[in-house]
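Note that the working numbering numbers the sequence shown so that position 468 is 467, with each residue one more than the last. Structure record follows, encoded as structure tokens.
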Amino acid sequence: MHNALVRIETTGSIDTNDLGHEQQFMRTTRFLPSLPFCLLTVIVVFGVVDCRIGIAKEPRNVRLHDMLVINEDNSHFFSSRKPEDMTLKGLHAWVDQYAGSSVTHLFLCSTAMRASFRSKSRDAIWDPVNGKEPQDRWPQNAKRLHEAGLDPYKIWIARCRDRKISPWLSMRMNDVHNTEDRDNFQHSTFWRTHIKFWREPNHEHGSGLNYAYPEVRRYQMAFVRELLERYDPDGLELDWMRFPNHLTPGKERDERQILTRFVRDVRRLTREWSRKRKHPILLGVRAPAHPDAAAGLGMDAMEWARQGLVDLIVPCPFYFSSDFDIPVELWHQGLKNAPNPVAVVPGLESSVRPWISGTPVGNTLETLYGFAASGNHRGADGVYLFNWMDTNNWPVPGNDYKLVLKHGVGTRFVTTAARRHPVCFRDAVPAGFSMNVQLPADARLGKTFRMHIGPRPDSGTAWAIVGLAKRDGLSESRFRAKLNGQSLETAADLTNLKQLGGNSARAVRFACPLNVLKTGYNDLDLRQVAGSTGQQIVWVELRMDPRPETGPTNRQD
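Encoded structure:
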């Protein structure tokens with residue numbers, strides 16, 4: 000998988016007082032030792048509860064539980080709006096759509112290689128490349144705001160506070176979008192002129208910067224310093240997942256202390272600016288979904304937390320697929336001895352892909368709710384949405400996006416809504432580490448698939464959905480399914496295949512009695528039992544529907 004990760008990067012497209020602020024406020028918001036034990040037990044057991052956003056008693060800027068985070072990337076607003084929207088009113092309107100909704104935090108990404116504002120430490124997105132100014136809507140709209148004296152990030156931070164939303168800044172730590180095009184306007188002068196500092200110098204598709212070089216660390220730290228000097232956010236996120244390669248290829252685990260020292264230096268800056276701003280400025284990181292994979296890739300977020308360097312960890316995939324089996328409980332177990340409480344908020348991408356080269360589909364409301372139900376059950380402090388931005392109709396259409404804002408992802412809601420739990424894989428791991436790949440599979444040989452569903456539903460119906468590739472004899476083939484060792488009855492095929500990945504040509508459906516489902520992990524055994532040609536399984540999911548229909552009865556072998 001080391002080689003795959005290299006390919007991901009290079010192809011692109013795609014003193015005690017110091018501790019006071021963060022620890023005091025985080026302890027206030029997450030641990031309440033003066034409460035009666037029974038109430039404390041309720042808080043611990045239920046984790047993320049269905050708390051409507053906007054009614055929190057503590058200040059927004061220290062709330063790190065029951066979170067619904069939306070990451071706004073460095074290009075989306077500018078590229079999705081017309082020039083006439085580059086006004087104070089237009090900037091306010093973007094924030095206002097989230098006011099009074101279930102969204103608790105907006106993470107504002109201002110940079111990839113270049114900044115979407117006039118930076119003092121790196122290029123602005125509209126600066127010329129080889130003497131030619133980029134004419135794309137993104138750089139031109141960002142330039143219009145600058146020329147009008149409007150700093151979108153200052154305005155958004157202020158508007159967020161007015162609207163009771165917590166504003167954070169997010170910094171992409173090694174973005175390599177479009178690096179196969181050396182003269183693309185997105186690339187910084189530093190990157191173009193310091194090829195020797197790349198992880199893979201002179202690679203034909205480009206490469207990310209190597210933090211093993213002190214020059215790279217100084218360059219990136221200058222921008223961190225600028226963000227904290229220029230803006231007054233509630234927190235700063237270091238996005239190590241754009242892209243997840245930062246150290247010498249093959250030496251990531253050995254060199255991981257380099258990134259640990261970098262994060263420690265950023266923590267010193269956030270504490271310094273917390274004192275100056277007279278409020279806590281928290282520090283968060285996006286890191287690989289599994290803590291051991293994160294350490295193996297040099298992004299040792301668990302160690303950072305154990306050293307008291309971060310307040311928030313967002314375990315998440317890189318890009319290829321959402322990960323519906325993020326081990327939140329492993330993160331919490333490893334954080335028990337951290338000097339201050341650390342929130343764990345798993346991140347959901349926009350796409351769903353059954354294996355790395357399988358055909359992807361977009362997430363739906365139901366897969367979002369399945370992700371939240373599972374994560375909340377495992378102790379998540381919220382849900383973080385990446386590449387879920389307005390106006391895109393991706394991954395969900397606009398009306399569904401409004402429903403996300405309205406209802407949120409609290410446990411009470413998502414466990415009584417229709418939800419889906421698909422089989423996917425883990426896309427950011429070091430060499431030799433399991434990617435948790437379960438698909439595709441030979442149907443004649445059969446296979447057992449594992450899915451985490453969170454709480455077992457108390458009512459409604461449940462189904463196992465199996466997508467099959469297009470092959471001769473597909474329509475005549477027959478299949479057997481067992482859920483947690485119990486045989487399932489075959490139901491009519493699912494006719495709408497649009498939401499199934501893997502280029503499914505047929506979807507077999509099995510009725511799942513609710514008493515056979517288990518809270519947490521469920522094992523679904525599938526096997527082809529008839530048909531002239533062996534078939535291929537390319538998609539598997541468990542689907543729950545809360546509608547009060549008569550569910551299937553269990554059939555014993």
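Where a beta carbon is used, it is the ideal one built from N, C-alpha and C, also for glycine.
Worksheet entry | Contacting residues, own chain, Cβ-Cβ under 8 Å from D135 (five flanking each side not counted) | To locate residue 135, count along the sequence shown from 1; it is residue 136. Excluding residues within five positions, the ones whose Cβ falls inside 8 Å are S78, F184.
Discussion item. Taking DSSP's pairing of strands, which residues face A463 in a bridge?
Written reply: Locating residue 463 in the sequence shown gives position 464, counting from the first residue. According to DSSP, A463 bridges with F509, L541.
Worksheet item: Does the count of Cβ pairs from the region 145 to 163 and the region 197 to 216 closer than 8 Å reach three?
Response: no
Worksheet item: Three-state secondary structure (DSSP) at C159?
Response: Working through the sequence shown from its first residue, we reach residue 159 at position 160. C159: helix per DSSP, three-state reduction.
Item to complete: Return the bridge partner residues of C108 from the DSSP annotation.
Response: Counting from 1 along the sequence shown, the entry for residue 108 is found at position 109. In DSSP, C108 forms a bridge with S169.
Worksheet item: Quick one: Cα of G53 to Cα of D161, how far?
Response: Along the sequence shown, read from residue 1 onward, the residue named residue 53 stands at position 54. Along the sequence shown, read from residue 1 onward, the residue named residue 161 stands at position 162. Residue placement at G53 is poorly supported in this model, since its pLDDT is 31, which falls under 50; the coordinates still yield a value, given next. If you draw a straight line from the Cα of G53 to the Cα of D161, it comes to about 12 Å.
Worksheet entry | Opening and closing residue of the alpha helix (DSSP H) in which D291 lies | For the purposes of this step, residue 291 is taken as the residue at position 292 of the sequence shown. Looking at the DSSP string, the run of the alpha helix (DSSP H) that includes D291 is 290 to 295.
Worksheet item: Taking the Cβ atom as the reference point for each residue, do H451 and Y520 lie within a distance shorter than 8 Å?
Response: The residue given as residue 451 occupies position 452 in the sequence shown. The residue given as residue 520 occupies position 521 in the sequence shown. Yes, the Cβ-Cβ distance between H451 and Y520 is below 8 Å.
Worksheet item: Within this structure, are the beta carbons of A293 and H64 separated by less than 8 Å?
Response: Taking the sequence shown and counting its residues from 1, the one referred to as residue 293 is at position 294. Taking the sequence shown and counting its residues from 1, the one referred to as residue 64 is at position 65. At least 8 Å separates the beta-carbon of A293 from that of H64.
Item to complete: Report the option in E199, A288, T390 whose CA atom is closest to the CA atom of H245.
Response: Against the sequence shown, residue 245 aligns to sequence position 246. Minimum Cα distance to H245 is reached at E199.
Discussion item. Buried or exposed, going by whether 16 or more other CB atoms sit within 10 Å of the CB of A371?
Written reply: The residue labelled residue 371 in the question sits at position 372 within the sequence shown. Classification of A371: buried, given that the 10 Å Cβ count is 16 or more.
Worksheet entry | Every unbroken beta strand (DSSP E) within the region 279 to 347, with a cutoff of 3 residues, ordered by chain | Under the rule that a run must span 3 or more residues, the beta strand (DSSP E) segments found entirely inside the region 279 to 347 read 281 to 287, 311 to 315.
Discussion item. I need the straight-line Cα distance from G407 to R285, nearest angstrom please.
Written reply: Your numbering for residue 407 matches position 408 in the sequence shown. Your numbering for residue 285 matches position 286 in the sequence shown. Going by the C-alpha atoms only, they are around 21 Å apart.
Discussion item. Once the 5 residues before and after F196 are set aside, which same chain residues still bring their CB inside 7 Å of it?
Written reply: Locating residue 196 in the sequence shown gives position 197, where the first residue counts as 1. For F196, where only same-chain residues beyond five positions count, the Cβ hits under 7 Å are L208, N209, Y212, E214, V215.
Practice prompt. May I ask you to list the residues that DSSP assigns as paired with L402?
Written response: In the sequence shown, counting from the first residue as 1, residue 402 sits at position 403. For L402, which the question treats as bridged, DSSP gives no partner whatsoever.
Discussion item. For I69, report the span of its alpha helix (DSSP H) as first-last.
Written reply: Indexing the sequence shown from 1 puts residue 69 at position 70. I69 -> not in any alpha helix (DSSP H); beta strand (DSSP E) instead, spanning 66 to 71.
Fill in: Terminal residues of the beta strand (DSSP E) in which T269 lies
Working through the sequence shown from its first residue, we reach residue 269 at position 270. Note, T269: premise wrong, no beta strand (DSSP E); alpha helix (DSSP H) at 255 to 276.
Discussion item. Am I right that F509 and A480 are in contact with their C-beta atoms under 8 Å? What's the rounded C-beta distance?
Written reply: Numbered from 1 along the sequence shown, position 510 holds the residue referred to as residue 509. Numbered from 1 along the sequence shown, position 481 holds the residue referred to as residue 480. Taking the Cβ atoms as the reference, F509 lies roughly 4 Å from A480, within the contact range of under 8 Å.
Item to complete: Would you kindly work out how many angstroms separate the C-alpha atoms of T390 and F76, rounded to a whole number?
Response: Counting from one through the sequence shown, the residue named residue 390 turns up at place 391. Counting from one through the sequence shown, the residue named residue 76 turns up at place 77. When rounded, the distance between both Cα atoms is 9 Å.
Worksheet entry | Pick from T363, G409, H376, L523 that is closest to F387, judged by C-alpha positions | Taking the first residue of the sequence shown as position 1, residue 387 is located at position 388. For the record, residue 387 in the displayed sequence is Trp; it is not Phe. Residue T363 is the option with its Cα nearest to W387.
Worksheet entry | For T494, the three-state DSSP class (helix, strand or coil) | Within the sequence shown, residue 494 is the residue found at index 495, counting from 1. It is coil, neither helix nor strand.
Practice prompt. Give me whichever residues DSSP pairs with E488 in a beta bridge.
Written response: Stepping through the sequence shown from its first residue, residue 488 is reached at position 489. Answer is A510, bridged to E488.
Practice prompt. Count the C-beta pairs between the region 493 to 504 and the region 442 to 451 that are closer than 8 Å, then say yes if the count reaches three, no if not.
Written response: no
Discussion item. For a quick check, are the C-beta atoms of I194 and D233 less than 8 Å apart?
Written reply: Residue mapping note: residue 194 aligns to position 195 of the sequence shown, counting from 1. Residue mapping note: residue 233 aligns to position 234 of the sequence shown, counting from 1. No, they are not a contact pair.
Item to complete: Decide if D522 is buried, meaning its Cβ has at least 16 other Cβ atoms within 10 Å, or exposed.
Response: In the sequence shown, counting from the first residue as 1, residue 522 sits at position 523. D522 should be labelled exposed.
Item to complete: Excluding the 5 residues preceding and the 5 following L444 in the sequence, name in chain order all residues of the same chain whose CB lies nearer than 7 Å to its CB.
Response: Taking the sequence shown and counting its residues from 1, one reaches residue 444 at position 445. Within the same chain, no residue comes within 7 Å of L444 by CB-CB distance, once the 5 residues on both sides are set aside.
Practice prompt. Taking V351 and S321 to be in contact with their CB atoms under 8 Å, please state how far apart those CB atoms are, rounded to whole angstroms.
Written response: Within the sequence shown, residue 351 is the residue found at index 352, counting from 1. Within the sequence shown, residue 321 is the residue found at index 322, counting from 1. Right, their Cβ atoms sit about 5 Å apart.
Worksheet entry | Close Cβ partners of W137 (< 7 Å) along its chain, the five nearest in sequence each way excluded | Here residue 137 corresponds to residue number 138 of the sequence shown, with the count starting at 1. Here the set comprises S74, F77, S78, I124.
Worksheet item: Which residues bound the alpha helix (DSSP H) around G89?
Response: The sequence position of residue 89 within the sequence shown is 90, counting from 1. Start and end: 87 to 95.
Worksheet item: Cα separation between R217 and R260?
Response: As a working note, residue 217 is residue 218 in the sequence shown. As a working note, residue 260 is residue 261 in the sequence shown. The straight-line gap from Cα to Cα measures roughly 12 Å.
Item to complete: Determine the DSSP secondary structure at V250, reduced to helix, strand or coil.
Response: Translated into the one-based positions of the sequence shown, residue 250 becomes position 251. Checking the sequence, you will find Lys at residue 250 rather than Val. In this structure, K250 counts as coil in the three-state DSSP scheme.
Worksheet item: What separation, rounded to the nearest whole angstrom, lies between the Cα atoms of V537 and K517?
Response: Indexing the sequence shown from 1 puts residue 537 at position 538. Indexing the sequence shown from 1 puts residue 517 at position 518. Those two C-alpha atoms are separated by around 24 Å.
Item to complete: Look up I536 in the DSSP assignment and say whether it is helix, strand or coil.
Response: Position 537 of the sequence shown holds residue 536. If DSSP states are grouped into helix, strand and coil, I536 belongs with the strands.
Practice prompt. Give the straight-line distance between the Cα atoms of K497 and T447, rounded to the nearest whole angstrom.
Written response: For this step, residue 497 is matched to residue 498 along the sequence shown. For this step, residue 447 is matched to residue 448 along the sequence shown. One C-alpha to the other measures close to 24 Å.
Discussion item. Any contact between the region 456 to 476 and the region 528 to 535? By contact I mean 3 or more CB pairs, one from each, below 8 Å.
Written reply: yes
Worksheet item: Do the region 91 to 110 and the region 403 to 419 meet, that is, are 3 or more Cβ pairs less than 8 Å apart?
Response: yes
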